[in-house]
Amino acid sequence: MPADSVFAAELPWPDYDAKVRDGAVPILIPIGSMEQHGHHMPMHVDVLLPVEFARRVAAQVGALVAPPFTYGYKSHQKSGGGNHLPGTTSLDGSTLVAALRDVIKEFARHGVRKICLVNGHFENSWFIIEGIDLALRELRWSGIDDVKVVVLSYWDFVDKATIAKLYPDGFPGWDIEHGGVLETSLMLALHPHMVHLERAIDHAPASFPPYDVYPPKPEWTPQSGTLSSPKQASEEKGRILLDVCVRGIVDALRTEFPG
Numbered sequence: 000m001p002a003d004s005v006f007a008a009e010l011p012w013p014d015y016d017a018k019v020r021d022g023a024v025p026i027l028i029p030i031g032s033m034e035q036h037g038h039h040m041p042m043h044v045d046v047l048l049p050v051e052f053a054r055r056v057a058a059q060v061g062a063l064v065a066p067p068f069t070y071g072y073k074s075h076q077k078s079g080g081g082n083h084l085p086g087t088t089s090l091d092g093s094t095l096v097a098a099l100r101d102v103i104k105e106f107a108r109h110g111v112r113k114i115c116l117v118n119g120h121f122e123n124s125w126f127i128i129e130g131i132d133l134a135l136r137e138l139r140w141s142g143i144d145d146v147k148v149v150v151l152s153y154w155d156f157v158d159k160a161t162i163a164k165l166y167p168d169g170f171p172g173w174d175i176e177h178g179g180v181l182e183t184s185l186m187l188a189l190h191p192h193m194v195h196l197e198r199a200i201d202h203a204p205a206s207f208p209p210y211d212v213y214p215p216k217p218e219w220t221p222q223s224g225t226l227s228s229p230k231q232a233s234e235e236k237g238r239i240l241l242d243v244c245v246r247g248i249v250d251a252l253r254t255e256f257p258g
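This is the structure:
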């Protein structure tokens with residue numbers, strides 16, 4: 000049995016218990032979604048990427064990686080194409096909040112005191128915060144007041160110098176990077192067999208008005224499902240992103256979880 004695995008669910012329970020019962024070992028929880036990512040990539044990109052970041056970081060900081068959340072909050076039209084697109088399969092916010100609350104409380108019950116939520120789906124952000132807040136409140140009610148939770152999204156560690164290197168013709172902005180150069184490059188570096196760049200549709204960055212409409216207007220979303228072109232993606236860019244983001248996350252966790 001893989002008793003030395005960084006994936007918590009691969010461990011026999013006594014091995015897991017021995018690692019976490021005293022609260023010293025952090026748990027990393029990847030949070031993604033099932034969401035369309037254009038014609039050229041699979042729908043679980045937002046799961047694959049945070050899992051891989053968590054795996055690489057765990058090996059450096061002595062953490063364990065929990066099973067990922069494979070469904071996330073509803074895709075927003077101006078950041079993910081919209082929840083109306085085929086394949087995108089989402090949770091209500093209250094469902095995601097409740098599930099996160101329960102999982103955080105369960106890890107605390109095991110003895111875990113250091114938790115990091117590694118987000119791979121932009122729309123999850125506020126619901127992650129609510130789940131944490133409710134979990135910590137309920138843990139305090141039960142006398143557990145020493146749990147610390149770090150929340151991060153891997154793309155927030157991409158600095159301006161790296162952006163200039165990856166986007167020599169100008170950066171379109173994170174809000175329309177869905178299925179574009181960033182995610183496609185990372186997938187080319189990590190899971191190239193799942194990327195079919197020849198199927199990618201080259202188009203100008205999506206342009207939206209400064210307001211939202213519900214139900215969404217399908218004509219606002221490019222037919223590709225992506226919000227900017229992935230054609231300039233490359234494995235080399237993916238490796239640059241991997242290095243920058245892993246180093247940034249490792250530094251953050253060493254700062255917040257010293258010792």
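Residue numbers (numbering that gives the first Met the number 0): 0 to 258.
Every residue gets a Cβ at the ideal spot worked out from N, C-alpha and C, and that includes glycine.
On a predicted model such as this, the values are computed, not experimentally measured, just so you know.
- L241 is not a Cβ neighbour of L165, given a cutoff of 8 Å.
- A direct Cα-Cα distance of roughly 39 Å separates D201 from A97.
- Runs of beta strand (DSSP E) with 3 or more residues, each lying fully within the segment 15 to 74, are found at 26 to 30, listed in chain order.
- When beta bridges are read from the DSSP output, T88 appears opposite M33.
- Taking R100 as the centre and dropping the five residues before and after it, the same chain places the C-beta of G130, L133 and A134 closer than 6 Å to its C-beta, in chain order.
- For the segment 110 to 171, the full-length alpha helix (DSSP H) segments reaching 4 residues or more read 124 to 140 and 159 to 165 along the chain.
- Beta-bridge pairing by DSSP links F6 to V64.
- For P66, the CB contacts under 7 Å within the same chain, skipping 5 residues up- and downstream, are A8 in chain order.
- Non-local C-beta neighbours of F106 in its own chain, meaning closer than 7 Å and more than five positions away in sequence, comprise I26 and I114, ordered along the chain.
- Under the three-state reduction of DSSP, K77 is assigned to helix.
- Just so you know, the alpha carbons of H195 and A232 end up roughly 12 Å apart.
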